[in-house]
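Below you'll find the structure, written out as structure tokens, and then a few comments.
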Amino acid sequence: TKIPWIAHEGTREEMGLLLCNKRRALSDIRQDFPEIDFSNIVNENDENFSDDRRETVLEMSERVYDFLVEYVRNRPESEMAVVGHSAWLFNMCNAVVDCGDDEDLRTWFLTSEIRSMKLTFTDRDQVAE
Numbered sequence: 009t010k011i012p013w014i015a016h017e018g019t020r021e022e023m024g025l026l027l028c029n030k031r032r033a034l035s036d037i038r039q040d041f042p043e044i045d046f047s048n049i050v051n052e053n054d055e056n057f058s059d060d061r062r063e064t065v066l067e068m069s070e071r072v073y074d075f076l077v078e079y080v081r082n083r084p085e086s087e088m089a090v091v092g093h094s095a096w097l098f099n100m101c102n103a104v105v106d107c108g109d110d111e112d113l114r115t116w117f118l119t120s121e122i123r124s125m126k127l128t129f130t131d132r133d134q135v136a137e
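9 is the number of the first residue of the sequence shown in our numbering; add one for each residue after it.
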């Protein structure tokens, strides 16, 4: 079975100000990485990047949440690898996902570091108050 490699705007590093975090034109990226499925990226140019302001932590948290709930939750796979940058992964584990007391998940991610976790999605109406 071929493993799909899928690009998604939801897993990008902090957006804004820093040009190193600005996405290149989609046509250029497709040419350089033909094995990647870019169908989730709809704009040719980086419409999410701002030259004059950086994405806030809250905005990134909302983007991470949307990626997990709207995309990951609806994927047919039961196991997958999500690849992202350290700030994005740190935000996911500290502001979006309840990692409990697992300090290994809540620390800063190092370059090329791999961590495993199991995500369980619960509908709000199923949460006991």
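Every residue, glycine too, gets a C-beta built ideally from N, C-alpha and C.
- Within the stretch 85–115, complete alpha helix (DSSP H) segments of at least 4 residues are found at 94–99, 111–114, given in chain order.
- As the crow flies, the alpha-carbon of Ala-103 is around 9 angstroms from that of Val-65.
- Residue nearest to Ala-15 within the set Leu-27, Arg-38, Glu-121 is Arg-38 (criterion: CA-CA distance).
- Comparing alpha-carbon positions, the option among Ala-89, Arg-61, His-93 lying closest to Lys-126 turns out to be Ala-89.
- When DSSP states are grouped into helix, strand and coil, Asp-131 belongs to the coil group.
- Here Asn-53 is near Ala-33, since their CB atoms are less than 9 angstroms apart.
- Taking C-alpha positions only, Pro-42 is separated from Ile-11 by approximately 14 angstroms.
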